[in-house]
Amino acid sequence: MSQRQGETDGAVKERVKTEKKEPTQYKVVLLNDDYTTMEFVVQVLESVFQKSPAEAYRIMMHVHQNGSGIAGVYPWEVAETKVETVTSLAREAQFPLRATIEEV
Ligand code: TYC
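First residue of the sequence shown? That's 19 in the working numbering, and the numbers climb one at a time after it.
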């Protein structure tokens, strides 16, 4: 064999990344409650999260039945702003609707 040390037929060893990368995207999660109206949640999903009426209704029902659900996935600052907007719209309408941020 005439191969030099460390070489194998021109193959280059690549390090396969297995570490988890820091998330650059965040889920905005809507939380269920007993007082916010379904209609208001659908309106919020349409106006703040740009969902179609059908998708907004589907997400709202998911939250209603499961306790929480993803309204959208965004970079950190966008997610933060969406949560603030939901919170202030809800406060204005006197509903206890809440949204939180989770890592993707
Ligand atoms: N559970 C509410 C009701 O029965 C509806 C609702 C859905 C509230 C989703 C909040 O994030 C929510 N009126």
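Cβ coordinates follow ideal geometry from the N, Cα and C atoms, glycine included.
Bear in mind that the values here come from a model prediction, so they are computed numbers and not experimental data.
With distances taken between CB atoms, is the gap from residue i to residue j smaller than 9 Å?
i       : j      : result
Thr-42  : Val-66 : no
Ile-119 : Val-46 : yes
Gly-90  : Ala-97 : yes
Leu-63  : Leu-49 : no
Residue i: beta carbon under 8 Å from a heavy atom of the ligand TYC?
i       : result
Val-81  : yes
Tyr-53  : yes
Leu-107 : no
Val-46  : no
Val-59  : yes
Taking the beta carbon of residue i as the centre, do at least 16 other beta carbons fall within 10 Å, making it buried, or is it exposed?
i       : result
Tyr-123 : Because the chain spans 19 through 122 in this model, residue 123 falls outside it and cannot be assessed.
Thr-99  : exposed
Tyr-53  : exposed
Gly-137 : This structure leaves residue 137 out entirely; the chain is present only between 19 and 122.
Val-123 : This structure leaves residue 123 out entirely; the chain is present only between 19 and 122.
Met-78  : buried
Can you look up residue i in the DSSP assignment and give me helix, strand or coil?
i      : result
Leu-49 : strand
Ser-70 : coil
Val-34 : coil
Compare the C-alpha of residue i against each of the options and name the closest.
i       : options                    : result
Leu-116 : Thr-55, Pro-71 and Val-101 : The question names Leu, yet the displayed sequence has Arg at residue 116. The residue with the shortest Cα to Cα distance from Arg-116 is Val-101.
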